[in-house]
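Structure, as structure tokens:
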Amino acid sequence: MLPGIIPILAEIDALAAVEAAGFGRKTGSTLWGWGKTPRWDLWFYDSDAYDHAWLVERARFDAILFAAATRAGAVVLDRAVARTLLWDGERLVGAAWSAPDSCRRRGHGW
15 MLPGIIPILA
25 EIDALAAVEA
35 AGFGRKTGST
45 LWGWGKTPRW
55 DLWFYDSDAY
65 DHAWLVERAR
75 FDAILFAAAT
85 RAGAVVLDRA
95 VARTLLWDGE
105 RLVGAAWSAP
115 DSCRRRGHGW
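In the numbering used here, the protein residues as written are 15 to 124.
Following this line, the structure appears as structure tokens:
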């Protein structure tokens with residue numbers, strides 16, 4: 015991850031859980047093939063905001079995000095596949111999905 019995720023994690027009430035998870039801290043990143051520059055070293059301490067990010071284990075990080083979404087009142091579906099998005103004009107209002115039991119379902123206006 016990059017440090018720009020830190021305020022997003024704070025906003026969704028997941029930052030404390032990420033900090034407590036014991037993920038390895040990283041203080042920089044090297045990007046290869048970024049635009050015209052073959053190699054770009056990015057040191058987070060050069061930023062005014064945050065001097066680190068984390069190397070996360072994806073499954074554990076996703077579990078933290080699922081827990082934050084659930085606390086916020088989201089309907090969290092594990093192993094479901096979104097099939098269609100439901101729109102009201104330009105506003106997303108729901109989704110049609112299928113679950114592992116092969117049943118198709120629709121959720122609208124949670």
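Just so it is clear, CB atoms sit at the ideal spot from N, CA and C, and this is done for glycine as well.
Excluding five sequence neighbours on each side, which residues of the same chain lie with their C-beta closer than 6 Å to the C-beta of residue i?
i, result
"serine 43", "Leu56"
"leucine 45", "Trp54"
"alanine 94", "Trp111, Ala113"
I need the boundaries of the beta strand (DSSP E) containing residue i, first residue and last residue.
i, result
"alanine 110", "105-112"
"leucine 69", "67-69"
Can you tell me where the alpha helix (DSSP H) with residue i in it begins and where it stops?
i, result
"proline 17", "Counting along the chain, proline 17 falls outside any alpha helix (DSSP H), and DSSP gives it neither H nor E."
"threonine 84", "72-85"
"leucine 29", "29-34"
Kindly indicate which residue of the options has the alpha-carbon position closest to the one of residue i.
i, options, result
"leucine 79", "Phe58, Ser112, Ala24, Ala113", "Ala24"
"lysine 40", "His66, Trp101, Ala83", "His66"
"leucine 16", "Phe58, Arg53, Trp46", "Phe58"
"proline 21", "Arg74, Tyr64, Gly47, Gly103", "Tyr64"
"serine 61", "Ala109, Gly18, Asp115, Arg105", "Gly18"
"isoleucine 26", "Thr98, Ala82, Arg97, Ala109", "Ala82"
Looking at chain C, is there any beta carbon in it that lies within less than 8 Å of the beta carbon of residue i?
i, result
"arginine 74", "The chain labelled as chain C is not found in the depicted structure, where only one protein chain is given."
What does residue i pair with, by DSSP beta-bridge criteria?
i, result
"glycine 42", "Trp57"
"leucine 100", "Gly108"
"valine 95", "Ser112"
Discussion item. Does the structure place the region 82-94 close enough to the region 61-71 that three or more beta carbon pairs sit under 8 Å?
Written reply: no
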